[in-house]
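A.B. asks: Handing you a structure now.
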Ligand SMILES: [Zn+2]
């Protein structure tokens, strides 16, 4: 693959990644694209973005944003993230599921519920 220079910082190279989190109408999708090795700027090809919009429409996710803001809190054993009750209901979480936590990009984590290891 040909390496492209980052148009934002003009220092880094764009590398192909498959873990870009992008937000469509409050929903977060994992997409393929390019990420700069220097500044971390992410670029999603137009066709990939359109593909995600189509998927969102098909899933009838459109117009039902579920982006929620919460603060982390501390317990004796570490940092705690409480799952908002709206999300709990929407995802049908009972509270005893196994989850996978994945670091994506620079400042994002992806939490997958009930996934097999
Ligand atoms: Zn850059």
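Numbering (our numbering), first residue to last: 1422 to 1538. Just so it is clear, CB atoms sit at the ideal spot from N, CA and C, and this is done for glycine as well.
Cβ of residue 1438 within 7 Å of any heavy atom in ligand 1?
C.D. replies: no
A.B. asks: Considering only their Cβ atoms, is the gap separating residue 1533 from residue 1520 smaller than 8 Å?
C.D. replies: yes
A.B. asks: How long is the line joining the alpha carbons of residue 1434 and residue 1440, rounded to whole angstroms?
C.D. replies: 17 Å
A.B. asks: Ligand 1 heavy atoms versus the CB of residue 1432: any closer than 7 Å?
C.D. replies: yes
A.B. asks: What is the rounded straight-line gap between the Cα of residue 1443 and the Cα of residue 1500?
C.D. replies: 25 Å
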